[in-house]
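S.K.:
Number of protein chains: 2
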Amino acid sequence: MKGINMIQLAKELGLSVSTVSKALGDSHEISASTKKRVNELAKKYNYKPNPFASNLRKKKGKQIAIIIPDIVNNFFALAVDGIEHVTMAKNYDTFIYLTHESLEREKALLEHLENGLISGLIISVSSGREGYGHFQEFYENTKLPMVFFDRVPDLLQFPKVISNNYESTFDATARLIKAGCKRPIFFSTQEPLFTNMERIRGFQAALSSAGLLFSEDMIVKCSYDMDQNYSALRKIFLSKKRPDGVFASIEKFAISLYQVCKDLEVNIPRDVKVIGMNNLRTAALLSPSLSTVSQPSFNMGKEAATLLLKMIEKKTYAAANDIIVLKNELTIRESLHA
Amino acid sequence: MKGINMIQLAKELGLSVSTVSKALGDSHEISASTKKRVNELAKKYNYKPNPFASNLRKKKGKQIAIIIPDIVNNFFALAVDGIEHVTMAKNYDTFIYLTHESLEREKALLEHLENGLISGLIISVSSGREGYGHFQEFYENTKLPMVFFDRVPDLLQFPKVISNNYESTFDATARLIKAGCKRPIFFSTQEPLFTNMERIRGFQAALSSAGLLFSEDMIVKCSYDMDQNYSALRKIFLSKKRPDGVFASIEKFAISLYQVCKDLEVNIPRDVKVIGMNNLRTAALLSPSLSTVSQPSFNMGKEAATLLLKMIEKKTYAAANDIIVLKNELTIRESLHA
Numbered sequence: 001m002k003g004i005n006m007i008q009l010a011k012e013l014g015l016s017v018s019t020v021s022k023a024l025g026d027s028h029e030i031s032a033s034t035k036k037r038v039n040e041l042a043k044k045y046n047y048k049p050n051p052f053a054s055n056l057r058k059k060k061g062k063q064i065a066i067i068i069p070d071i072v073n074n075f076f077a078l079a080v081d082g083i084e085h086v087t088m089a090k091n092y093d094t095f096i097y098l099t100h101e102s103l104e105r106e107k108a109l110l111e112h113l114e115n116g117l118i119s120g121l122i123i124s125v126s127s128g129r130e131g132y133g134h135f136q137e138f139y140e141n142t143k144l145p146m147v148f149f150d151r152v153p154d155l156l157q158f159p160k161v162i163s164n165n166y167e168s169t170f171d172a173t174a175r176l177i178k179a180g181c182k183r184p185i186f187f188s189t190q191e192p193l194f195t196n197m198e199r200i201r202g203f204q205a206a207l208s209s210a211g212l213l214f215s216e217d218m219i220v221k222c223s224y225d226m227d228q229n230y231s232a233l234r235k236i237f238l239s240k241k242r243p244d245g246v247f248a249s250i251e252k253f254a255i256s257l258y259q260v261c262k263d264l265e266v267n268i269p270r271d272v273k274v275i276g277m278n279n280l281r282t283a284a285l286l287s288p289s290l291s292t293v294s295q296p297s298f299n300m301g302k303e304a305a306t307l308l309l310k311m312i313e314k315k316t317y318a319a320a321n322d323i324i325v326l327k328n329e330l331t332i333r334e335s336l337h338a
Numbered sequence: 339m340k341g342i343n344m345i346q347l348a349k350e351l352g353l354s355v356s357t358v359s360k361a362l363g364d365s366h367e368i369s370a371s372t373k374k375r376v377n378e379l380a381k382k383y384n385y386k387p388n389p390f391a392s393n394l395r396k397k398k399g400k401q402i403a404i405i406i407p408d409i410v411n412n413f414f415a416l417a418v419d420g421i422e423h424v425t426m427a428k429n430y431d432t433f434i435y436l437t438h439e440s441l442e443r444e445k446a447l448l449e450h451l452e453n454g455l456i457s458g459l460i461i462s463v464s465s466g467r468e469g470y471g472h473f474q475e476f477y478e479n480t481k482l483p484m485v486f487f488d489r490v491p492d493l494l495q496f497p498k499v500i501s502n503n504y505e506s507t508f509d510a511t512a513r514l515i516k517a518g519c520k521r522p523i524f525f526s527t528q529e530p531l532f533t534n535m536e537r538i539r540g541f542q543a544a545l546s547s548a549g550l551l552f553s554e555d556m557i558v559k560c561s562y563d564m565d566q567n568y569s570a571l572r573k574i575f576l577s578k579k580r581p582d583g584v585f586a587s588i589e590k591f592a593i594s595l596y597q598v599c600k601d602l603e604v605n606i607p608r609d610v611k612v613i614g615m616n617n618l619r620t621a622a623l624l625s626p627s628l629s630t631v632s633q634p635s636f637n638m639g640k641e642a643a644t645l646l647l648k649m650i651e652k653k654t655y656a657a658a659n660d661i662i663v664l665k666n667e668l669t670i671r672e673s674l675h676a
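Top to bottom, those sequences are chains C and B. The opening position of the first sequence corresponds to residue 1 in our numbering, with each subsequent residue numbered one higher. The opening position of the second sequence corresponds to residue 339 in our numbering, with each subsequent residue numbered one higher.
1. Among C:103, C:88, C:107, C:164, which residue has its Cα nearest to the Cα of residue 294 of chain C?
2. Quick check on DSSP: helix, strand or coil for residue 210 of chain C?
3. Express the C-alpha separation of residue 375 of chain B and residue 351 of chain B in angstroms, rounding to a whole number.
4. Quick one: measure Cβ to Cβ for residue 674 of chain B and residue 458 of chain B, integer angstroms, because I've assumed they're closer than 8 Å.
5. How long is the line joining the alpha carbons of residue 390 of chain B and residue 585 of chain B, rounded to whole angstroms?
6. Once you ignore the five residues that flank residue 169 of chain C on each side, which residues in its own chain have a CB closer than 6 Å to its CB?
7. Around the Cβ of residue 144 of chain C, are there at least 16 other Cβ atoms within 10 angstroms (buried) or fewer (exposed)?
8. Does the Cβ-Cβ distance between residue 409 of chain B and residue 77 of chain C come in under 8 Å?
9. Using 8 Å as the limit for Cβ to Cβ distance, is residue 190 of chain C near chain B?
10. Throw me the rounded Cβ distance for the residue 571 of chain B and residue 545 of chain B pair, which I believe falls under 8 Å.
11. Where residue 103 of chain C and residue 368 of chain B are concerned, what is the direct C-alpha to C-alpha distance, given to the nearest angstrom?
12. Whole angstroms are fine: how far does the CA of residue 237 of chain C sit from the CA of residue 243 of chain C?
13. If you draw a straight line from the alpha carbon of residue 67 of chain C to that of residue 521 of chain B, how long is it in whole angstroms?
14. According to DSSP, what are the bridge partners of residue 220 of chain C?
15. Any C-beta of chain B sitting closer than 8 Å to the C-beta of residue 265 of chain C?
16. Looking at the unbroken beta strand (DSSP E) that takes in residue 353 of chain B, where does it start and where does it end?
17. Comparing C-alpha positions only, which one of B:516, B:664, B:359 sits nearest to residue 500 of chain B?
18. Closer than 8 Å, CB to CB, is residue 96 of chain C near chain B or not?
19. Just verifying my parser: in three-state terms, what is the DSSP assignment at residue 228 of chain C?
20. Helix, strand or coil for residue 295 of chain C per DSSP?
21. If you drop the 5 nearest sequence neighbours on each side, which residues of the same chain put their C-beta closer than 7 Å to that of residue 260 of chain C?
22. If you compare alpha carbons, which of C:43, C:138, C:127, C:116 is closest to residue 99 of chain C?
23. Using 8 Å as the limit for Cβ to Cβ distance, is residue 349 of chain B near chain E?
24. By a C-beta neighbour count over all protein chains shown, 10 Å radius and 16 as the cutoff for buried, is residue 583 of chain B buried or exposed?
25. Which class does residue 458 of chain B belong to by DSSP, given the choice of helix, strand or coil?
26. Taking 8 Å as the threshold (beta carbon to beta carbon), is residue 633 of chain B in contact with chain C?
27. Quick one: what's got a C-beta closer than 8 Å to residue 85 of chain C's C-beta in the same chain, skipping five residues either side?
28. Helix, strand or coil for residue 390 of chain B per DSSP?
29. Give the residues of chain C in contact with residue 418 of chain B, contact being defined as C-beta atoms less than 8 Å apart.
30. Please confirm if the region 487-495 of chain B is in contact with the region 516-535 of chain B, defined as three or more CB-CB distances below 8 Å between the two stretches.
31. Considering only C-alpha positions, which residue in the set B:634, B:516, B:611, B:427 is nearest to residue 363 of chain B?
32. Where does residue 203 of chain C sit, in a helix, a strand or coil, going by DSSP?
33. Going by DSSP in three states, residue 58 of chain C sits in which element: helix, strand or coil?
34. How long is the line joining the alpha carbons of residue 624 of chain B and residue 587 of chain B, rounded to whole angstroms?
35. Using only the alpha-carbon positions, how far apart do residue 621 of chain B and residue 560 of chain B sit?
36. Could you tell me whether the Cβ of residue 102 of chain C comes closer than 8 Å to any Cβ of chain B?
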């Protein structure tokens, strides 16, 4: 039997074509034993695919830049995996640039990419401090397809993939109040990011809907520096006006809080109830287990990449106003109820 | 006062030059208040630096490729931060490629980079299955400086930055045995990686030095797929020959084990004592807190980048045999002693 194709291979193995394709591409999603079965049959029929490698050799310009603030944050690491899940299957090459939360670096990267050979960009912005003129300018100079995800330039006409931050923060805050919190606080980023603004809106609306008064000092602007953050939170939890509930809008803010509470012997959830935006697998294993709002990070990456490839391959920008909204997931654990 | 330079600025502020430089570059390492002070004085003297952005505009080919298996693993995320700490200060641009543990993808990336404009590479390998001929070939074709870190091609003549995996695994295993373990097991990667081999050597030597017999079934080959891993570990902990100690050589293997033990109500540390290779900030906050061997990931990245830039800027490859060995840190927590 000569000239066997992947569909025939899959049929004989009783596997899906996508599984066979991934097994032949040595994907980390496929078990070693499945890979072995697939490769043995492929060898038997002298089927030599490796479409990824061979296309990569041939291709020109099938390159996508991913610009994100940070990879130590698990949200972005998982989103990149989602993006590459799509781009690898379509033989696009991706490279990742980190802005380290620096607006200047973000601007410099864009200038640098203007002369590059990329065919599109997927971006999560570093700041909102000065607006987003640099993205608009980049687009006018290059006409390259761009998709934003999570941290998006809300007022610009680009396709965006976001999650329902307003609603999910509203729900989480309502749960804190229902569990007895009278003075919950919100751990915020320092930057005027759209994601953060939406979450603050949700927090405020939940207070208001429960008849609680909102005051500015309920918004605590955290630092990305864990040590600075630790000191600032320590001060808050040593003060007389100690909060009885926390919504932490960023993964590491909740970790800093846990460290402070452990060291000050503040009991979670008795003394303070906690819900955090979080994508860590360890959330359920913390002591006490952390109640979380999880963003669908992997899927957000997938959707962003799918949208971008559509724009690149159809050479049309009709999708420019698309906004895809995915749902966050609220999981209540011990940090809310012992 | 015209023509003030950064040294004078730093002096007047009572800060180090590097702090001023980072503050002007909007580094995430510097506090908002320090940035404000620096920028105000810089404005007063009309000092307009932003060397990173302006050099990036001018420069050609100051680009470094980072090739790593994965960024969801915190070790690699922190190592990238260490690399970029050095490259940003020297105005090099970096892009990150993920192999997702695929040897084929790694080979394809190298072929792709042969025609690129990069001036050097920092690499942590995806596998050791077929040896490392593709790296040697790449070097012969391009003569580009390359530095390997952590997962290194042990037999090739390239500069390497590693950590003392043999010694630290020996020490950790000795602690398991001292705490009473008679049948510890080792959670291993499936690939014949040098890092993993060194750790296994350390594990075996510690057993032997304590007069315990080593058997092949003490090495449990884990999967990178968390669900597969969960099932495999569950089976082991439901078997009669349940291990009484675990050394987990990869971050997520210990997380899978915690999940299994929680679900099977196997008590850590009473029923099984655990030490894991780990760089997660949450290790100390888990229930029970996890004893860890931490690699100096950030510093390994820094050393690798420093070595690479030296090679690039001196245009000499005299450093080709350099091996820098940093020390891992063993931290004993509740998972060993309640």
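All residues carry an ideal CB built from backbone N, CA and C; glycine is no exception.
M.R.: Quick answer:
1. C:164
2. coil
3. The straight-line gap from Cα to Cα measures roughly 8 Å.
4. That belief does not hold up - the Cβ atoms of residue 674 of chain B and residue 458 of chain B are roughly 41 Å apart, past 8 Å.
5. With a pLDDT of only 36 at residue 390 of chain B, under the threshold of 50, the placement of this residue in the model should not be trusted, and no figure is reported.
6. 199, 202, 203, listed in sequence order.
7. buried
8. yes
9. yes
10. Actually they do not touch by this definition, with Cβ atoms about 21 Å apart.
11. 14 Å
12. 7 Å
13. 47 Å
14. C:187
15. With respect to chain B, the C-beta atom of residue 265 of chain C has no partner C-beta closer than 8 Å.
16. Per DSSP, residue 353 of chain B belongs to no beta strand (DSSP E) and is neither H nor E.
17. B:664
18. yes
19. helix
20. Note: residue 295 of chain C maps to coil in three-state DSSP.
21. 230, 233, 234, 237
22. Proximity to residue 99 of chain C across C:43, C:138, C:127, C:116 peaks at C:127, based on C-alpha coordinates.
23. Considering every chain present, this structure includes no chain E. Its protein chains are C and B.
24. buried
25. strand
26. For residue 633 of chain B, the answer is no, since every Cβ of chain C falls outside 8 Å of its Cβ.
27. 298, 301, 302, 305
28. Residue placement at residue 390 of chain B is flagged as unreliable, the pLDDT there being 36, under the threshold of 50; the coordinate-derived value follows with that caveat. Correct three-state label for residue 390 of chain B: helix.
29. For residue 418 of chain B, the residues of chain C that pass the 8 Å Cβ criterion are 71, 98, in the order they occur in the chain.
30. yes
31. For residue 363 of chain B, the closest alpha carbon among the candidates B:634, B:516, B:611, B:427 is that of B:427.
32. helix
33. Because the pLDDT of residue 58 of chain C is 40, which lies under 50, any placement of that residue in the model is unreliable, and the question is left without a value.
34. 18 Å
35. 20 Å
36. yes
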